[in-house]
Structure formats: structure tokens, C-alpha cells
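Here the working numbering is used: the first residue of the sequence shown is 284, the next is one more, and so on.
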Amino acid sequence: MNVSIKLKLLIFFTSTLSLISCQNESKIEGQWVIKSATVGNEKMTPDARWVRFHSDFTQESGNGWLQHSFGTYNFDKDTGSLTIINTNGIHDSNEPFKVEIDNKSMTLNRIQDGQMVEVILEQAQKLPMTHGDELFGLWKLNEAIGSGPYFKDPDRIIDSDYIFFRWDKRFVISSGTVNINGVYNVHGHKPEVELIPYGAHLQRNFWNMKINKDTITLQLLNTDSTVTRTFKRIHEFPGS
Numbered sequence: 284m285n286v287s288i289k290l291k292l293l294i295f296f297t298s299t300l301s302l303i304s305c306q307n308e309s310k311i312e313g314q315w316v317i318k319s320a321t322v323g324n325e326k327m328t329p330d331a332r333w334v335r336f337h338s339d340f341t342q343e344s345g346n347g348w349l350q351h352s353f354g355t356y357n358f359d360k361d362t363g364s365l366t367i368i369n370t371n372g373i374h375d376s377n378e379p380f381k382v383e384i385d386n387k388s389m390t391l392n393r394i395q396d397g398q399m400v401e402v403i404l405e406q407a408q409k410l411p412m413t414h415g416d417e418l419f420g421l422w423k424l425n426e427a428i429g430s431g432p433y434f435k436d437p438d439r440i441i442d443s444d445y446i447f448f449r450w451d452k453r454f455v456i457s458s459g460t461v462n463i464n465g466v467y468n469v470h471g472h473k474p475e476v477e478l479i480p481y482g483a484h485l486q487r488n489f490w491n492m493k494i495n496k497d498t499i500t501l502q503l504l505n506t507d508s509t510v511t512r513t514f515k516r517i518h519e520f521p522g523s
């Protein structure tokens with residue numbers, strides 16, 4: 284075999300190995316969703332939290348359909364250390380994360396306030412939905428069990444009774460001739476919603492949420508009795 288052929292084969296094999304190495308290299312760039320977050324011995328997984336790393340070292344993050352942070356990041360491949368800087372956030376004085384990337388899974392570890400923090404993420408093509416995202420929309424009352432602050436009479440369900448969760452965190456309840464307006468907050472770590480009605484005669488209250496496709500069941504918390512309200516998603520206001 285002459286020198287020219289040997290040289291061509293060497294170049295071919297070198298290029299092929301380089302290509303395979305690049306294809307197998309795990310990269311931090313892309314969109315990642317937090318699957319688990321542990322602080323010490325306590326699970327503190329946020330609802331539908333995601334972060335997106337770009338090749339130009341910019342990043343943004345959010346929960347569900349809401350992006351609330353943006354900035355830059357530093358990733359040292361040699362040491363596996365990651366620092367995230369949010370332009371609109373609070374300065375992070377903790378040590379960088381230690382990063383382990385295995386194909387489409389990534390684990391972040393560091394000591395924070397004297398406790399070990401572990402965050403497990405997976406690559407994702409689509410943004411995840413929070414419980415609040417699933418709550419958006421118009422819901423007609425189907426069933427009421429127990430006496431509670433809204434839709435008080437469980438024996439009187441009118442086809443026009445509904446609750447409307449708006450995108451701007453306001454809600455509207457219509458029950459017969461009674462209309463209640465207010466604001467709502469969805470818990471960032473578990474399926475709970477807080478309803479805060481306007482008016483001094485009405486108190487805020489907390490409900491557990493169970494969402495199954497187009498049906499939602501709200502169960503009143505902090506009570507000794509069982510109070511639930513079950514709704515079906517609709518797309519027009521009753522009577523319209």
C-alpha cells in the first residue's frame with residue numbers, strides 16, 4: 284500500500300472517529316425540564332419548571348407556559364461546573380452546580396445553605412403544563428358535595444352555575460343570581476389553588492385540585508367535613 288493511500292485512510296478514520304465523538308458528546312444546550320429536586324432529605328420539585336440553554340451562553344427559564352427569568356450561564360466542560368446568572372433575578376452567591384449529563388438526562392449537585400441540593404432534569408421538546416395552565420378556562424358545575432363557601436346548596440345545581448379561571452389570575456363564579464369575583468393563586472409545588480374573593484364578607488380558602496382531561500374536582504382544605512365541587516370544561520358561557 285503506497286503512502287498516498289495510507290494517508291487517505293488515516294484522514295478518513297480520523298474524520299470518522301471525530302464525527303462519532305461529536306455525535307456521542309452530551310451537550311447542555313437545549314430545553315430541560317426538572318423531574319426531581321431534593322434539598323437535604325426533603326423533596327421540593329417545582330411544578331413544570333424548565334430551563335433553556337443556548338449555544339451563545341444565554342438562557343431563560345420558567346414554569347409551564349410562563350417564562351419569568353432570563354440571562355446567561357457559564358459551563359466549564361472540563362470541570363463540569365455550571366453557573367446561572369439571571370439578569371432579572373437575585374444574585375446567586377452559592378457555589379456552582381456540578382453537572383453530570385447522560386444522553387437526555389442531566390443531574391445538578393451543590394451544597395446550598397449547608398444542605399446538599401440535587402436536581403434531576405430531562406430534555407424536552409415541548410413546554411410542560413403547570414396545574415395552573417390546566418386550570419385556565421370555563422368550567423360548568425356538575426356536582427356539589429357538602430356545604431362550602433361557593434355553590435352552597437348541594438341540592439340546587441343550575442345549568443348556569445360556573446367558574447371561570449382567567450389568564451390574568453382572576454376568577455368569576457356565577458351561581459344563580461350570585462356573582463363572585465376575585466383572584467386566585469396556584470401552589471408552585473403541589474396541586475392546590477387559593478381563591479381570594481373580593482369583599483370583606485368573604486374569606487380566602489384553599490382547594491385541592493384533581494384534573495382529569497376535561498373534568499376538574501376541587502376539594503376544600505382545612506375543614507373537618509368533605510366539601511367537593513366537580514366541574515366539566517365548556518367553551519361557551521351558559522345561556523349565551
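Glycine residues also receive a C-beta, built at the ideal position from the N, C-alpha and C atoms.
Here the structure is a predicted model, which means the values were calculated and not measured.
With contact defined as three or more Cβ pairs closer than 8 Å, the segment 456 to 473 and the segment 365 to 382 are not in contact. The Cβ atoms of F489 and E475 lie closer than 8 Å to each other. Taking 8 Å as the cut-off, the beta carbon of F336 is found no closer than this to the beta carbon of G354. Following the DSSP letters along the chain, one finds D416 inside the alpha helix (DSSP H) bounded by residues H414 to L418. Around the Cβ of S344, a 10 Å sphere holds 16 or more other Cβ atoms; the residue is buried. Here DSSP, grouped into helix, strand and coil, assigns N488 to strand.
Looking at the DSSP output, Q395 bridges to Q398.
In the structure shown, the three-state DSSP call for M389 is strand. Listed in chain order, the non-local C-beta contacts of Y481 below 6 Å within the same chain comprise N464 and G465, local neighbours out to five positions each way being set aside.
Taken through DSSP and simplified to helix, strand or coil, G471 comes out as coil.
DSSP places E312 outside both helix and strand once states are collapsed to three, so it counts as coil.
Taking the Cα positions, N369 is about 10 Å away from H351. L424 is the residue among M492, H484, L501 and L424 whose C-alpha sits nearest the C-alpha of R516. Excluding sequence positions up to five before and after E405, its CB lies within less than 8 Å of the CB of W315, V316, K318, K387, S388 and M389, all in the same chain and listed in chain order. Taking the Cα of T500 as reference, the smallest distance to any Cα among R487, F514 and T509 is reached at F514.
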